[in-house]
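Protein chains in written order, with the numbering used here: chain C, 1344 to 1790; chain X, 10 to 66. Glycine included, each C-beta is placed from N, C-alpha and C at the ideal position. Notes for the one structure printed next.
Shown next as structure tokens:
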């Protein structure tokens, strides 16, 4: 059941929030031992809050489409009274004293919090394998990664353990697991959703946003996460598919893809063209520099945040994340500044690529969910490192700050999900969502 | 400091601190730093005067 399905039934009193919460908690109880999507489950409090929501709604005090809806939070996001572990033993004794801004907004919208989801430790990785609370597993194939770092959040949505969830995205950490698990992930524009009360990886690249079963559900959560004076009060409408203008950034984004991802994404773009979408080519000339720019910025920022703790408690980090943080401390100031200049260049190039079109269209993830423990996987042109491949299509838009969304567009012959990414103009996340609604519908119609 | 000089220092420091697993990671970072410094948008102090891409005469 989606949020959009459940909300009107809850509003009319045909469906109780308590029943919905019980169903999610039952799925958590059944599936979590195998998939390890949740670090903390808030069964008692969720049911108390759901019963309260039912009473409020029955009394005529319906707050809107998230009222009574069970949601989860990536365990980087503060929820008053609960630990925010960041999937690290470094923070095992933490307890949040107040809600993060995004949590408070969802709470004010009536959402019911069922738990805190697993992730790659401190969001410093793309597979959700390095977690102080055990690795998370892909629900389609538990021998594969769910992607990361918001891996637990994507699993929760794909399996119905929660109907909505909050993720964070520094290099693709909403869009990568969304693509790997076959759900929708929306990274709004940088700064649009407050990151106050969220454990940082890189404050200049961190984005907060929703994962959901559908684009509509992502919108409903995104809208509730925004400041109250920026929320839409009416339902969002789908953009007309005919006349939609998309551009494919050629070259870099398509030259190191898994063969099934390439087939699926190019096939989807062809079908969109057949449905009346105008598809052109765009250039991001310095795309090849992006990985190096990203690495130096994230390393510099992570080193600053972790330095003191790393000195005092190195043994409490998982070995791989500790190693990456030790390496991060070796970035020189001149290279960090060089990367900051490169970042500004990339942002200008993405703006230019968007000139005259509604959105860019490209893969969300260059490969399907990789096997757990794999260091490299085969792609067109030879094997490459999993981490490099997983970030390749998403990290540019963290550098540039543009809004981007991943939505399912097919599967491999083995049934592994594949994600299509749309990237929109700054200041126009709602327009991007409207385009994504049209693309989602066109994919379903072609299906 | 050249990337080679930086890598030699960082590798020696990793060995001193008993972190031999760090060395291959540092070599990877060194390759990324080489790429960053080789990018065509970098300035040289003895080269062209920098101009703002956003502005023109």
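Asked                                                                                                                                                                                                : Found
Compile a chain-ordered list of the residues in the region 1681-1695 of chain C whose CB is closer than 8 Å to at least one CB of chain X.                                                           : 1681, 1682, 1684, 1685, 1688, 1691
Identify whether residue 1639 of chain C lies in helix, strand or coil by the three-state DSSP scheme.                                                                                               : helix
My parser needs the beta strand (DSSP E) runs of 3 or more residues fully inside the region 1423-1479 of chain C; what are they?                                                                     : 1455-1460
Identify each residue in the region 25-41 of chain X for which the Cβ-Cβ distance to at least one residue of chain C is less than 9 Å, and report them in chain order.                               : 26, 28, 30, 31, 34, 35, 37, 38, 40, 41
Kindly list the residues whose CB is nearer than 8 Å to the CB of residue 1347 of chain C, restricted to its own chain and excluding five residues on each side of it in sequence; keep chain order. : 1408, 1557, 1559, 1560, 1563
Anything in chain X within Cβ reach of residue 1673 of chain C, meaning under 7 Å, just list it in chain order.                                                                                      : 19, 35, 38
Starting from the N-terminal side, write out each stretch of the beta strand (DSSP E) that is 3 residues or longer and does not extend beyond the region 1550-1599 of chain C.                       : 1550-1555, 1588-1592
State yes or no: is the C-beta of residue 1742 of chain C within less than 8 Å of the C-beta of residue 1568 of chain C?                                                                             : no
For the beta strand (DSSP E) containing residue 1331 of chain C, list its first residue and its last residue.                                                                                        : Outside the shown range of chain C, which is 1344 to 1790, sits residue 1331 of chain C, and nothing can be said about it.
Among residues of its own chain, excluding the 5 on either side of residue 1522 of chain C, which ones have a beta-carbon nearer than 6 Å to its beta-carbon?                                        : 1707, 1708, 1749, 1762
Could you compute how far the alpha carbon of residue 33 of chain X sits from the alpha carbon of residue 21 of chain X?                                                                             : 13 Å
My parser needs the alpha helix (DSSP H) runs of 4 or more residues fully inside the region 1637-1720 of chain C; what are they?                                                                     : 1662-1671, 1676-1696
Taking the C-alpha atoms as reference points, what is the distance between residue 1542 of chain C and residue 1513 of chain C?                                                                      : 12 Å
Ignore the nearest five residues each way along the sequence and tell me which others in residue 1350 of chain C's own chain have a CB closer than 6 Å to its CB.                                    : 1408
Ignore the nearest five residues each way along the sequence and tell me which others in residue 1386 of chain C's own chain have a CB closer than 7 Å to its CB.                                    : 1368
By the DSSP assignment, the alpha helix (DSSP H) with residue 1604 of chain C in it spans what residues?                                                                                             : 1602-1617
Taking 8 Å as the cut-off, does the region 1392-1401 of chain C touch the region 1437-1456 of chain C (at least 3 CB pairs, one atom from each stretch)?                                             : yes
Where do the ends of the beta strand (DSSP E) carrying residue 1625 of chain C lie?                                                                                                                  : 1621-1625
My output table needs one value for residue 1634 of chain C: the three-state DSSP class, helix, strand or coil.                                                                                      : helix
I need the straight-line Cα distance from residue 66 of chain X to residue 60 of chain X, nearest angstrom please.                                                                                   : For residue 66 of chain X, the pLDDT reaches just 49, beneath the cut-off of 50, and the residue's location in the model is therefore unreliable, although a value from the coordinates is still provided. C-alpha separation (whole angstroms): 10 Å.
Pull up the DSSP beta-bridge partners for residue 1833 of chain C, would you.                                                                                                                        : Here chain C comprises residues numbered 1344 to 1790, so residue 1833 of chain C is not present and cannot be evaluated.
What is the C-beta distance between residue 1565 of chain C and residue 1529 of chain C, in whole angstroms, given that I count them as a contact (C-beta under 8 Å)?                                : 6 Å
Which residue's Cα is closest to the Cα of residue 1618 of chain C: C:1643, C:1537, C:1585?                                                                                                          : C:1585
To the nearest angstrom, how far is the alpha carbon of residue 1656 of chain C from that of residue 1544 of chain C?                                                                                : 18 Å
Helix or strand or just coil, what does DSSP make of residue 66 of chain X?                                                                                                                          : Note that residue 66 of chain X scores 49 on pLDDT, short of 50, meaning its location in the model is unreliable and no value can be drawn from it.
Report all residues from its chain with a CB closer than 6 Å to the CB of residue 1663 of chain C; omit the five preceding and five following residues, and keep chain order.                        : 1473
For residue 1533 of chain C, count neighbouring C-beta atoms within 10 Å of its own C-beta (all shown protein chains included) and say buried if the count is 16 or more, exposed if not.            : buried
Skipping 5 residues on each side, what residues in its chain have a beta carbon closer than 8 Å to that of residue 1653 of chain C?                                                                  : 1660, 1665, 1668, 1669, 1672
Are the C-beta atoms of residue 1627 of chain C and some chain X residue less than 8 Å apart?                                                                                                        : no
Spatial neighbours of residue 1612 of chain C within its chain, please: CB distance less than 7 Å, with the 5 preceding and 5 following residues excluded, ordered by chain position.                : 1591, 1622, 1704
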